[in-house]
Amino acid sequence: MNLSRFLDAQAPVYADALAELRVGRKYTHWIWFILPQLRGLGHSYDATYYGLENAAEATAYLAHPILGSRLRECVTAILSHKDKTAHMILGAPDDLKFRSCLTLFRAVSAQNDSLWQDALDQFYAGQPDDATLRLLNPSA
Numbered sequence: 002m003n004l005s006r007f008l009d010a011q012a013p014v015y016a017d018a019l020a021e022l023r024v025g026r027k028y029t030h031w032i033w034f035i036l037p038q039l040r041g042l043g044h045s046y047d048a049t050y051y052g053l054e055n056a057a058e059a060t061a062y063l064a065h066p067i068l069g070s071r072l073r074e075c076v077t078a079i080l081s082h083k084d085k086t087a088h089m090i091l092g093a094p095d096d097l098k099f100r101s102c103l104t105l106f107r108a109v110s111a112q113n114d115s116l117w118q119d120a121l122d123q124f125y126a127g128q129p130d131d132a133t134l135r136l137l138n139p140s141a
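Counting from 2, one number per residue, gives the positions in the sequence shown under the working numbering.
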């Protein structure tokens, strides 16, 4: 799978994006390629281009030595803000995209990898994104 679109997009902005998350307020535009969700959840060019095709591509993203590490680093930075909501940190509608991202990577992660559920618990009362679950398992 070719994940170079993410590496190319992240190269000039990743350090700034992480700095925003560490201080607890996103104010520039990078959500699609740093905290990705499944293709089909959004209809903009960026949502389609950077949307992950399926569980296999999400698994490859998470396993990628740079992309997976950066994703974990960003989620960990967001989790550090115990006194803020996802909406306060990310704004709208990016707080919804974050929930979709967490739901996706929880679904493709090892069972003992609690990072994704920890963030769902902290920011969304433990509730995953139903639309992401439907796309992952359309026959359910």
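Cβ coordinates follow ideal geometry from the N, Cα and C atoms, glycine included.
Contact between TRP31 and ALA18 holds, with the beta-carbon distance rounding to 5 Å and staying under 8 Å. Runs of the alpha helix (DSSP H) lying entirely within the segment 35-118, each at least 4 residues long, are 46-51, 56-64, 68-80, 87-91, 95-109 in chain order. Sequence-distant partners of ASP96 (beyond 5 residues in either direction) whose C-beta falls short of 6 Å from its own C-beta, in its chain, are ALA87, HIS88.
Boundaries of the alpha helix (DSSP H) around LEU134: 131-137. Taking all protein chains shown into account, LYS83 has fewer than 16 neighbouring C-beta atoms within 10 Å of its C-beta and is therefore exposed.
The C-beta distance from MET2 to ALA61 rounds to 5 Å, short enough to fall under 8 Å.
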